[in-house]
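Undergrad:
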Amino acid sequence: MTETTTSSALPEKLAGATPEVIARPIRGLSDKAIAWFFIGPTILLLLAINIFPLIWTIWLSFTNYRANRPNAEVKMVGLDWYHRILGDGDVWLAMQTTAHFVVWTIIIETVLGFGLAWLIDKKFRGHGLWTTVILIPMMLSPAVVGNFWTFLYQPQSGLFNYVVGFLTGIDPSSFQMLGSVRLSPWAIVIVDAWMWTPYVMLICLAGLRSIPDYIYEAAEVDRASPWRQFWSITLPMALPFIMLAVLFRGIENFKMFDMVNLLTGGGPGSTTEVVSITLKRQAFESWRTGYSSALAIILFVTVFGLANIYVKALNRVKQR
Amino acid sequence: MSDQTAAPRASLLSRFLRLRRGPWENLATILIGLGVVMLMQPFSATAYAYSFITILAGTAMFAIVSHFPE
Numbered sequence: 000m001t002e003t004t005t006s007s008a009l010p011e012k013l014a015g016a017t018p019e020v021i022a023r024p025i026r027g028l029s030d031k032a033i034a035w036f037f038i039g040p041t042i043l044l045l046l047a048i049n050i051f052p053l054i055w056t057i058w059l060s061f062t063n064y065r066a067n068r069p070n071a072e073v074k075m076v077g078l079d080w081y082h083r084i085l086g087d088g089d090v091w092l093a094m095q096t097t098a099h100f101v102v103w104t105i106i107i108e109t110v111l112g113f114g115l116a117w118l119i120d121k122k123f124r125g126h127g128l129w130t131t132v133i134l135i136p137m138m139l140s141p142a143v144v145g146n147f148w149t150f151l152y153q154p155q156s157g158l159f160n161y162v163v164g165f166l167t168g169i170d171p172s173s174f175q176m177l178g179s180v181r182l183s184p185w186a187i188v189i190v191d192a193w194m195w196t197p198y199v200m201l202i203c204l205a206g207l208r209s210i211p212d213y214i215y216e217a218a219e220v221d222r223a224s225p226w227r228q229f230w231s232i233t234l235p236m237a238l239p240f241i242m243l244a245v246l247f248r249g250i251e252n253f254k255m256f257d258m259v260n261l262l263t264g265g266g267p268g269s270t271t272e273v274v275s276i277t278l279k280r281q282a283f284e285s286w287r288t289g290y291s292s293a294l295a296i297i298l299f300v301t302v303f304g305l306a307n308i309y310v311k312a313l314n315r316v317k318q319r
Numbered sequence: 000m001s002d003q004t005a006a007p008r009a010s011l012l013s014r015f016l017r018l019r020r021g022p023w024e025n026l027a028t029i030l031i032g033l034g035v036v037m038l039m040q041p042f043s044a045t046a047y048a049y050s051f052i053t054i055l056a057g058t059a060m061f062a063i064v065s066h067f068p069e
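Protein chains in written order, with numbering that gives the first Met the number 0: chain A, 0 to 319; chain B, 0 to 69.
1. So Trp230(A) is in the alpha helix (DSSP H); what residue range does that whole segment cover?
2. Could you check the C-alpha separation between Phe42(B) and Val90(A) for me, to the nearest Å?
3. Looking at Ala48(B): is its Cβ nearer than 8 Å to the Cβ of Leu85(A)?
4. Verify the CB distance criterion: does Gly21(B) have a CB-CB separation below 8 Å to chain A?
5. Over the uninterrupted alpha helix (DSSP H) stretch that includes Arg20(B), give me the two end residues.
6. My guess is that Phe51(B) and Leu18(B) are in contact by the Cβ rule of under 8 Å, so how many angstroms apart are they, rounded?
7. Thinking C-beta only, is Ile63(B) closer than 8 Å to Val300(A)?
8. Any beta carbon of chain A sitting closer than 8 Å to that of Glu24(B)?
9. Run down chain A in chain order and give the residues with a C-beta less than 7 Å from the C-beta of Pro41(B).
10. Closer than 9 Å by beta-carbon distance: list the chain A residues that pair up with Ala46(B), in chain order.
11. Just how far apart, CA to CA, sit Thr149(A) and Val162(A)?
12. What does Ile31(B) reach in chain A if we use C-beta pairs closer than 8 Å?
13. Taking C-beta pairs closer than 8 Å, name the residues in chain A that Val35(B) reaches, listed in chain order.
14. Any beta-carbon of chain A closer than 8 Å to the one on Ile63(B)?
15. Between the beta-carbon of Val110(A) and the beta-carbon of Val144(A), is there less than 8 Å?
16. Excluding the five sequence neighbours on either side, which residues of its own chain have a C-beta within less than 7 Å of the C-beta of Leu158(A), listed in chain order?
17. Could you tell me which chain A residues have their CB closer than 7 Å to the CB of Leu38(B), listed as they occur along the chain?
18. Does Ala32(A) have its Cβ less than 8 Å from a Cβ in chain B?
19. Looking at the secondary structure, which residues open and close the alpha helix (DSSP H) in which Arg124(A) lies?
20. Tell me whether Thr131(A) sits in a helix, a strand or coil according to DSSP, three-state version.
21. Compare the C-beta of Gly86(A) with all C-beta atoms of chain B and state if any pair is closer than 8 Å.
22. Only counting the same chain, and skipping five residues up and downstream in sequence, which positions put a Cβ closer than 8 Å to that of Met0(A)?
23. Taking Asn146(A) as part of the alpha helix (DSSP H), name the residues at either end of that continuous run.
24. Kindly say whether Trp80(A), judged by its beta-carbon, lies nearer than 8 Å to any beta-carbon of chain B.
25. If you follow the alpha helix (DSSP H) that Arg208(A) is part of, which residue opens it and which one closes it?
26. Thr277(A) and Thr271(A): beta carbons closer than 8 Å?
27. Over the uninterrupted alpha helix (DSSP H) stretch that includes Asn260(A), give me the two end residues.
28. Just to confirm my understanding: we take Val316(A), look at its own chain, exclude 5 residues before and 5 after, and list those with CB closer than 7 Å. What are they?
29. Mapping the DSSP letters down to three states, classify Met176(A) as helix, strand or coil.
30. Measure the C-alpha to C-alpha separation of Val273(A) and Met255(A) and round it to an integer number of angstroms.
31. Looking at the unbroken alpha helix (DSSP H) that takes in Arg321(A), where does it start and where does it end?
32. Excluding the five sequence neighbours on either side, which residues of its own chain have a C-beta within less than 8 Å of the C-beta of Ala205(A), listed in chain order?
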């Protein structure tokens, strides 16, 4: 009883301790006004760092503005940059390179991630330790990963070439993962798969653990084989989670920049030039700000569209 | 026989005309997916040229139809 009285008196004591200069203007405000008082700064910050740059980029995409010539006259060019980008063979090629990267990373990460999740779900001895070990690559910064995989891929001293040479008998110094036109697109796929397979595994594991045991018990009563149980229970029930992982990795890899930039910088030539590298080159090497703004808007609309599908898939998973 | 084939068509059309979220969201999702495929495919430059407008139409449609009743 004493505790209740003390706890109810505390807010009044605190209210009494508020300086009169602050308390007086707030005292007469409605709940709605106080709510706006608290969320106002956040909304202002959001407008300043998110919405304003977006609107400015949209405006720049209709102009001939160049960031290295800020005093030059700015002219409106209408939809000219959009027409050029959508007829530009180099950007189309960068989109295809991005597609190669996105499709193969998704396939590898989904197959390996689901396989690992399925094994971890069996709860063998030490599965907790192995889960932590598997998750380590995901916790590293892409900059760190890019740097140390550059060392691993070194033809003379890199561990990757040595292991491939040891397993296949090929001379380790006879091939270059990052310097070869044929191998470099696969080099970035391998690094991304190494880093993000644990993430897909985590989502798949959540899906597998959401399947109730009684369904498997009923299947065993009906003498369903393990193979049949996998195709008729495990896979269909984990599918919404797998779709979620696929969409998330698809969106992330579509706008992948840091890791590819550190590993290959888009080279050799333009064999690993994903579209975000093209954007950087146009914006900060060719200084075509209007053109790069239009490309940025195209990428933004694409990612926004995919994000809509992602949210829809997420809601479906939540409804389960 | 002809009545049996006509019935599903009418029901699909009426589902769209009732302005419910489900079928319209599915249509917008298909448009976005188609646009992304058109953007990244290596076969047709014409498909690449029309990819952005397809994605934009799908995204705008998605934003509008998400306000429709369930």
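Here a beta-carbon is modelled for each residue, glycine too, at the ideal position from N, C-alpha and C.
TA: If we stick to the structure as given:
1. First-last for Trp230(A): undefined, no H or E at that position.
2. Phe42(B) and Val90(A): Cα-Cα distance of roughly 14 Å.
3. Judged by beta-carbon spacing, Leu85(A) lies within the 8 Å limit of Ala48(B), meaning their Cβ atoms are closer than that value.
4. Not closer than 8 Å to any Cβ of chain A, the Cβ of Gly21(B) fails to qualify, so no.
5. Unbroken alpha helix (DSSP H) run through Arg20(B): Arg20 to Met39.
6. So it is not a contact: roughly 27 Å between Cβ atoms.
7. Cβ distance not < 8 Å, so Val300(A) and Ile63(B) don't count as in contact.
8. Interface residue, yes.
9. Near Pro41(B) (Cβ distances below 7 Å), the residues of chain A are Gln95.
10. Residues of chain A passing the Cβ test: none, with the nearest at roughly 10 Å.
11. So the alpha carbons of these two residues sit roughly 15 Å apart.
12. Simply Gly304, Leu305, Asn307 and Ile308.
13. Think of a sphere of 8 Å around the beta carbon of Val35(B): the chain A residues whose beta carbon falls inside it are Thr301, Gly304 and Leu305, in chain order.
14. Not an interface residue.
15. Not a contact, by the Cβ cut-off of 8 Å.
16. The residues are Leu151.
17. Simply Met94 and Thr301.
18. No, because no Cβ of chain B sits closer than 8 Å to the Cβ of Ala32(A).
19. Looking at the DSSP string, Arg124(A) is not in any alpha helix (DSSP H), and its letter there is neither H nor E.
20. It is helical.
21. Judged by the 8 Å Cβ criterion, Gly86(A) is in contact with chain B.
22. Bear in mind that a pLDDT of 45 at Met0(A), under 50, signals an unreliable position, so the number given afterwards is only what the model happens to contain. Correct list: empty, nothing qualifies.
23. Per DSSP, Asn146(A) belongs to the alpha helix (DSSP H) from Pro141 to Leu151.
24. With 8 Å as the cut-off, Trp80(A) does not count as an interface residue toward chain B.
25. Counted as a single uninterrupted DSSP element, the alpha helix (DSSP H) harbouring Arg208(A) occupies residues Ser183 to Arg208.
26. No Cβ-Cβ contact shorter than 8 Å links Thr277(A) with Thr271(A).
27. For Asn260(A), the uninterrupted alpha helix (DSSP H) run begins and ends at Asp257 to Leu262, by DSSP.
28. So the qualifying residues of the chain are Pro239, Phe240 and Leu243.
29. Taken through DSSP and simplified to helix, strand or coil, Met176(A) comes out as coil.
30. Here the alpha carbons of Met255(A) and Val273(A) stand approximately 8 Å from one another.
31. Chain A is shown from 0 up to 319; residue 321(A) falls before or after that span and cannot be answered.
32. Only Phe240 meet the Cβ criterion.
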